[in-house]
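Worksheet for the structure shown next.
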Amino acid sequence: MRLPKFLLKAISGFYLKDMKEYLDKQLIDLYVEHHHKDKGGCCHRCKKPLKRITGSYKVKIQMLPVFNNKVFVHLKRRKGYCESCKKIRAEHLDFISPETPHLSQEYAWWLGRLCEISAVSRAGALAGIDKMTMYRLDFARLKRMFQYYKIPKVTKISVDEVYARSKKYGRKESRDKRFFTIICDLETRRVIWVSESREKAALDEFFKIIGKERCRDIDVVAMDQHDSYKCSVEEHCPIATVVWDRFHIMQNFNEAVDSDRKWLHEYMAHNETKRLTRGKFKRLFVKKDSRRSKVETRHINEVLKDNKEFAYLELIKEGMYQLYDSENEYYAREKFEQIGEWIEQCPYLYELKKWWKNFNNGWGTFRNYFYYRVSSALSEGQNNAIKALKRRGFGYRNMDYFKLKILQVCGFLNSKYVPMDFQ
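Positions in the sequence shown are counted from 1; adding 9 to them yields my numbering.
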């Protein structure tokens, strides 16, 4: 009985002995045998020739579906003694998947490709395979691809953390251990590495992997005001410039503004002003003036008309937005000093006084923004993608698998970037 050439190529080294079709069950069984039974094979583990064939056993291998029919290949897989492994090993067959001996290489690749774009449970439902089997298949495939993964050369990176798990591994485990450190390439806009925890050691791990020579190639590192990350960069990349992320700085500033607004609302506002500075109106005091609607602008003007303290709050907030629009660090410093004077002129802005003092101490790092106008906004966007990935899988218990999935979905660890010819 003859088979089409594309099927014969898929099971090279074998010939068709029998074929059974069960069209009502949408099932096709192919029974094949070796072309050269007498010739020895090679070990499936080390790929070295088997010294002698000691026996065989029956194998049922699922192939890619053909016209919506499931296809199974039945054969006798030989086994023999391998001098290199010092034990009995099964022979190597090119068309069998390295992840599992029950699937063909092409079918396993197709299932892995499905797992790249959907949850393993959804991919398993589509293929008619149990979700735990799909999980093990995808995990094994990712681990094998990771062996050939190389971190690309980078000159500009951004670093941020993302919450990975809520469960503690031990009573004394710190909260920092439950985060992932995400390193992104600002030029390709992809995740290039994931480390456990948000401590200094997490970023140290990345720098040690790429080596001292490639660390010297890094020019800019964008991050939040996390001291551990900064210490790691100063130790491993002394030439690199640390740039604080605008989003996190404005987030801290807005918190200080909102805290002082609450205090002014509680102790300084009276009657109608008290109503106009709470509830749905409170977010207007941290919103940029150019982004307010006409109704919101009219409302703010009504509040500022007879309230000197709220007028100072508005002046300081707009000054902070103008700070980032400065041409260079010298103009930015002038604006920052002016903001400090406005804060001093109003005796009730307690949180903003603390914020200005802390920010002034870190001015040496902040000014780097005007030489390299980069931010870790890319990392924040990737964090949203990671959270969506986490929700898609209804959470992850295996943190190693979660890290590999992040690199698969948000990075380069997938069939689009990693060549699959190593199979």
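Beta carbons: idealized from backbone N, C-alpha and C, even for Gly. Predicted model, so just to flag it, every value in this text is computed and none were measured.
7 Å Cβ cutoff, lysine 176 in contact with chain D: The structure shown has no chain D; it contains just one protein chain.
From the DSSP output, in three-state form, read off serine 433 for me. The structure shown has nothing for residue 433, since the chain only spans 10 to 432.
Assuming contact is defined by CB atoms lying nearer than 7 Å, are leucine 293 and glutamate 305 in contact in what I supplied? Translated into positions along the sequence shown, residue 293 becomes position 284. Translated into positions along the sequence shown, residue 305 becomes position 296. For the 7 Å CB-CB criterion, leucine 293 and glutamate 305 form a contact.
With 16 other CB atoms within 10 Å as the buried threshold, where does threonine 164 fall? In the sequence shown, counting from the first residue as 1, residue 164 sits at position 155. By the neighbour-count rule (16 or more Cβ atoms within 10 Å), threonine 164 is not buried but exposed.
Would you call the CB atoms of leucine 387 and serine 167 closer than 7 Å? For the purposes of this step, residue 387 is taken as residue 378 along the sequence shown, with counting starting at 1. For the purposes of this step, residue 167 is taken as residue 158 along the sequence shown, with counting starting at 1. Cβ distance < 7 Å, so leucine 387 and serine 167 count as in contact.
According to DSSP, arginine 199 sits in a beta bridge with which residue or residues? Within the sequence shown, numbered from 1, the residue matching residue 199 stands at position 190. Bridge partners of arginine 199: Asp194.
Please look up how many angstroms separate the CB atoms of valine 266 and lysine 326, rounded, as I've assumed it's under 8 Å. Stepping through the sequence shown from its first residue, residue 266 is reached at position 257. Stepping through the sequence shown from its first residue, residue 326 is reached at position 317. Their Cβ separation, rounded to whole angstroms, is 6 Å, which keeps valine 266 and lysine 326 in contact under 8 Å.
Leaving aside the five residues before and after isoleucine 97 along the sequence, list all residues of the same chain whose C-beta is less than 8 Å from its C-beta, in chain order. Sequence index remark: in the sequence shown, residue 97 carries index 88 (1-based). Excluding residues within five positions, the ones whose Cβ falls inside 8 Å are Thr63, Lys88, Gly89, Tyr90 and Cys91.
Which runs of the alpha helix (DSSP H) fall wholly inside the region 324-361 and span at least 4 residues, in chain order? Counting only runs of 4 or more, we get 338-354.
Given arginine 255, which residues of its chain have a CB within under 6 Å of its CB, disregarding the five upstream and five downstream residues? Within the sequence shown, the letter at position 246 stands for residue 255. Closer than 6 Å at the Cβ level, and outside the excluded window around arginine 255, lie Ser384.
Check whether the Cβ of cysteine 124 lies closer than 6 Å to any heavy atom of the ligand SAM, and answer yes or no. Only the bare structure without any ligand can be found here, which leaves the ligand SAM out of the picture.
Grab me the residues of phenylalanine 431's own chain with a C-beta within less than 7 Å of its C-beta, minus the 5 sequence neighbours each way, in chain order. Your numbering for residue 431 matches position 422 in the sequence shown. For phenylalanine 431, the predicted model reports a pLDDT of 48, less than 50, meaning its position is unreliable; a value from the coordinates is still stated below. Within the same chain, phenylalanine 431 has close Cβ partners Tyr157.
Could you tell me the distance, in whole angstroms, from the CA atom of glutamine 417 to the CA atom of tryptophan 351? Here residue 417 refers to the residue found at position 408 of the sequence shown. Here residue 351 refers to the residue found at position 342 of the sequence shown. Distance from the CA of glutamine 417 to the CA of tryptophan 351, rounded to the nearest whole angstrom, comes to 50 Å.
Cβ shell of alanine 173 (< 7 Å), same chain only, five flanking positions each side left out: On the sequence shown, residue 173 is found 164 positions in, with the first residue counted as 1. Answer for alanine 173: Arg187, Phe188, Phe189, Met408 and Phe411, listed in chain order.
At the level of alpha carbons, what is the spacing between isoleucine 70 and leucine 59? The residue labelled residue 70 in the question sits at position 61 within the sequence shown. The residue labelled residue 59 in the question sits at position 50 within the sequence shown. Straight-line Cα distance between these residues: approximately 23 Å.
Going along the chain, which residues of its own chain have a beta-carbon closer than 7 Å to the beta-carbon of lysine 57, five neighbours each way excluded? Here the question's residue 57 lines up with position 48 in the sequence shown. The answer, listed in chain order, is Cys51, Cys91 and Ser93.
If you check the beta carbons only, do phenylalanine 155 and isoleucine 192 fall under 7 Å apart? Here residue 155 corresponds to residue number 146 of the sequence shown, with the count starting at 1. Here residue 192 corresponds to residue number 183 of the sequence shown, with the count starting at 1. Not in contact: phenylalanine 155 and isoleucine 192 (Cβ atoms no closer than 7 Å).
Contact defined as beta carbons within less than 8 Å: I believe threonine 250 pairs with aspartate 228. What is the distance between those atoms, to the nearest angstrom? Residue mapping note: residue 250 aligns to position 241 of the sequence shown, counting from 1. Residue mapping note: residue 228 aligns to position 219 of the sequence shown, counting from 1. About 7 Å; that satisfies the 8 Å criterion.
Considering only C-alpha positions, which residue in the set Ala211, Met141 and Gln331 is nearest to glutamate 170? Taking the sequence shown and counting its residues from 1, one reaches residue 170 at position 161. With distances taken between Cα atoms, glutamate 170 lies closest to Ala211.
State yes or no: is the C-beta of leucine 361 within less than 7 Å of the C-beta of aspartate 213? Sequence index remark: in the sequence shown, residue 361 carries index 352 (1-based). Sequence index remark: in the sequence shown, residue 213 carries index 204 (1-based). No. Outside cutoff.
Simplified DSSP assignment, three categories, for aspartate 269: For the purposes of this step, residue 269 is identified with residue 260 of the sequence shown, where counting begins at 1. DSSP, read as helix, strand or coil, puts aspartate 269 in helix.
Let me confirm a value: asparagine 392 is counted as buried when at least 16 other C-beta atoms fall within 10 Å, else exposed. Which label applies? Sequence index remark: in the sequence shown, residue 392 carries index 383 (1-based). Flag for asparagine 392 reads buried.
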